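S.K.: Numbering (our numbering), first residue to last: 4 to 412.
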């Protein structure tokens with residue numbers, strides 16, 4: 004949607020001019036579960052005629068959440084947005100709002116582990132919705148060979164988790180539109196600072212707002228953004244199923260959005276510097292980072308992204324035990340699940356985000372046992388490089404992984 008201001012300004016102020024108004028600089032928390040109506044006619048209008056002129060009940064939304072939804076829609080370039088209680092709530096709600104029983108989803112297998120579980124098991128077994136996985140991302144550019152008579156949705160994330168393949172959004176959109184399919188993109192890794200899929204023709208985006216949008220590892224949330232009609236469908240499911248976001252969590256996200264562009268700028272820079280370090284280290288077999296000029300997805304990323312992101316994935320020269328030894332030797336970088344916070348987090352996908360996948364599924368998604376994913380934070384880059392250097396130089400498979408080297412600094 005057209006806006007008066009650029010993204011960093013939108014993240015702080017939205018698209019409104021506040022001159023001449025007396026309002027709080029920090030939007031307040033509306034911590035009420037229900038709201039008073041002026042008269043019975045207003046309640047009847049709300050319930051029977053859909054006249055949403057005021058909040059009614061927290062499960063249906065509240066002013067703090069409404070402000071957050073407007074801000075997120077502006078950042079993504081969407082007509083509307085809707086927050087909910089977790090990233091998986093946003094993903095499952097969006098997919099179920101787009102596809103009906105008997106229809107089919109087309110997806111790639113390089114997705115977040117719990118998204119894969121939902122697509123592989125819950126959708127077909129619990130909802131009668133089939134999922135057709137394409138063999139690799141190149142097949143997304145030739146959907147005709149994968150289409151079925153009930154195909155309805157193309158679902159993907161870019162960059163992919165955890166091997167950072169960058170899917171050409173415009174090419175997929177062109178294919179999907181040719182055959183009348185809807186597109187949903189998980190934009191968690193990129194954020195609207197680095198990538199705005201809706202402006203490239205995608206119908207809807209989803210986020211785990213727990214990650215970069217929250218940015219401080221202290222809130223669990225999800226968001227879907229798209230057309231007004233689609234978000235209305237999502238809202239109906241959130242209202243019925245109840246995975247709502249609390250007013251305080253909405254406040255935390257509003258606060259975090261104000262620093263999103265500057266945090267992402269620093270994380271982009273740190274990730275590129277760390278990727279360059281890994282690229283030349285003898286104990287690293289491979290580096291996945293689209294910001295490196297020789298990365299196979301570099302040109303696609305340059306075309307559709309404004310920054311290359313804060314995730315770096317490396318393949319340790321050795322095996323799973325070597326990768327675990329490396330991670331357990333780190334001191335500044337924290338061994339924890341999740342990503343997108345101001346602190347650098349590191350994990351092994353095979354024992355964390357994708358621990359529930361079979362060996363066959365891991366191979367299909369090109370996830371290796373010795374693969375390590377870094378969510379690069381905003382620490383001093385010299386400290387991050389030094390930490391990784393000492394951990395690589397001191398990998399010792401015989402040392403107990405529960406012990407950490409004494410910090411002598």
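Think of the CB as a built atom: it goes at the ideal place given N, C-alpha and C, for glycine as much as any other residue.
Nothing here was measured: the structure is a model prediction, and the numbers come from that model.
Tell me which same chain residues have a C-beta within less than 8 Å of the C-beta of residue 141, skipping the five on either side of it?
M.R.: Along the chain shown, one-based indexing puts residue 141 at 138. Within the same chain, and ignoring the five residues on either side of residue 141 in sequence, no residue has its Cβ closer than 8 Å to its Cβ.
S.K.: Under 9 Å, do residue 213 and residue 380 count as touching if we go by C-beta distance?
M.R.: Here the question's residue 213 lines up with position 210 in the chain shown. Here the question's residue 380 lines up with position 377 in the chain shown. In this structure, residue 380 does not lie closer than 9 Å to residue 213 by Cβ.
S.K.: Tell me the DSSP secondary structure of residue 2 in three-state form.
M.R.: An answer regarding residue 2 cannot be provided, because it is not within the stretch 4 to 412 covered by the chain.
S.K.: According to DSSP, is residue 411 part of a helix, a strand, or is it coil?
M.R.: Numbered from 1 along the chain shown, position 408 holds the residue referred to as residue 411. Summary for residue 411: the model assigns pLDDT 37, below 50, so the residue's position carries little reliability; its value from the coordinates is reported in the next sentence. Residue state, collapsed to three classes: coil.
S.K.: Just list the residues that DSSP pairs residue 356 with in beta bridges.
M.R.: As a working note, residue 356 is residue 353 in the chain shown. Partner(s): none; residue 356 has no beta bridge.
S.K.: Does the beta-carbon distance from residue 157 to residue 226 come in below 9 Å?
M.R.: Taking the chain shown and counting its residues from 1, one reaches residue 157 at position 154. Taking the chain shown and counting its residues from 1, one reaches residue 226 at position 223. Not closer than 9 Å, so no.
S.K.: Looking only at its own chain, which residues have a Cβ that is under 6 Å from the Cβ of residue 295, when we skip the five neighbours before and after it?
M.R.: By 1-based counting over the chain shown, the position of residue 295 is 292. Here the set comprises 278.
S.K.: Should the segment 348–355 be regarded as contacting the segment 231–248, the criterion being three or more beta carbon pairs within less than 8 Å?
M.R.: no
S.K.: By alpha-carbon positions, which one of 195, 272, 118 ends up nearest to residue 164?
M.R.: Here residue 164 corresponds to residue number 161 of the chain shown, with the count starting at 1. Comparing Cα positions, the closest option is 118.
S.K.: Assuming the contact rule is C-beta atoms closer than 8 Å, residue 99 and residue 130 should be a hit. Round their C-beta distance to whole Å, please.
M.R.: In the chain shown, residue 99 corresponds to position 96, counting from 1. In the chain shown, residue 130 corresponds to position 127, counting from 1. That belief holds up - the Cβ atoms of residue 99 and residue 130 are roughly 7 Å apart, short of 8 Å.
S.K.: Assign residue 65 to buried or exposed, taking buried as 16 or more other Cβ atoms, counted over all protein chains shown, within 10 Å of its Cβ.
M.R.: As a position in the chain shown, residue 65 is number 62, starting the count at 1. The residue is buried, with at least 16 neighbouring Cβ atoms inside 10 Å.
S.K.: Could you pull out every residue in the same chain whose Cβ sits closer than 7 Å to the Cβ of residue 412, ignoring the five residues on either side in sequence?
M.R.: Position 409 of the chain shown, counting from 1, holds the residue named residue 412. Unreliable positioning characterises residue 412 in this predicted model, as indicated by a pLDDT of 33, which lies under 50. The coordinate reading is nonetheless provided below. Taken in chain order, the list of residues that qualify is empty.
S.K.: Can you tell me which residues form a DSSP beta bridge with residue 338?
M.R.: What you label residue 338 is simply residue 335 of the chain shown in a count that begins at 1. BP columns for residue 338 point to 349.
S.K.: Leaving out five residues before and five after residue 149 in sequence, what residues of the same chain have Cβ atoms less than 8 Å from its Cβ?
M.R.: To locate residue 149, count along the chain shown from 1; it is residue 146. Around residue 149: 109, 135, 137, 142.
S.K.: Between the segment 191–208 and the segment 312–319, do three or more beta carbon pairs fall short of 8 Å?
M.R.: yes
S.K.: Which one of 301, 255, 24 has the shortest CA to CA distance from residue 223?
M.R.: Within the chain shown, numbered from 1, the residue matching residue 223 stands at position 220. Nearest C-alpha to residue 223: 255.
S.K.: Compute the Euclidean distance between the alpha carbons of residue 10 and residue 309, then round it to the nearest angstrom.
M.R.: On the chain shown, position 7 is the one that residue 10 refers to. On the chain shown, position 306 is the one that residue 309 refers to. The straight-line gap separating the alpha-carbon atoms of residue 10 and residue 309 is approximately 12 Å.
S.K.: At the level of alpha carbons, what is the spacing between residue 124 and residue 360?
M.R.: For this step, residue 124 is matched to residue 121 along the chain shown. For this step, residue 360 is matched to residue 357 along the chain shown. Straight-line Cα distance between these residues: approximately 12 Å.
S.K.: Would you check if there are 3 or more beta carbon pairs closer than 8 Å linking the segment 194–213 to the segment 87–105?
M.R.: yes
S.K.: Decide if residue 368 is buried, meaning its Cβ has at least 16 other Cβ atoms within 10 Å, or exposed.
M.R.: For the purposes of this step, residue 368 is taken as the residue at position 365 of the chain shown. Result: buried.
S.K.: Taking C-beta to C-beta, are residue 67 and residue 341 nearer than 9 Å?
M.R.: To locate residue 67, count along the chain shown from 1; it is residue 64. To locate residue 341, count along the chain shown from 1; it is residue 338. No, these two residues do not count as a Cβ contact at 9 Å.
S.K.: Mind pulling the alpha helix (DSSP H) runs of 4 or more residues that sit fully within the segment 100–155?
M.R.: 116–120, 126–130
S.K.: To the nearest angstrom, how far is it from the Cα of residue 161 to the Cα of residue 34?
M.R.: Reading the chain shown from its first residue, position 158 is the one you call residue 161. Reading the chain shown from its first residue, position 31 is the one you call residue 34. Spanning the two alpha carbons is a distance of roughly 36 Å.
S.K.: Would residue 232 be called buried (16 or more neighbouring beta carbons within 10 Å of its own) or exposed?
M.R.: Residue mapping note: residue 232 aligns to position 229 of the chain shown, counting from 1. An exposed status is given to residue 232, since fewer than 16 other beta-carbon atoms sit within 10 Å of its beta-carbon.
S.K.: Applying the 10 Å Cβ sphere with the 16-neighbour rule, what's the burial state of residue 409?
M.R.: As a working mapping, residue 409 is identified with position 406 in the chain shown. At residue 409, the pLDDT of 42 sits below 50, so the modelled position is not reliable; the number obtained from the coordinates is stated separately. Sixteen is the threshold: since fewer than 16 other Cβ atoms of the shown chains lie within 10 Å of the Cβ of residue 409, the residue is exposed.
S.K.: In three-state DSSP terms, what is residue 230?
M.R.: Counting from one through the chain shown, the residue named residue 230 turns up at place 227. In this structure, residue 230 counts as coil in the three-state DSSP scheme.
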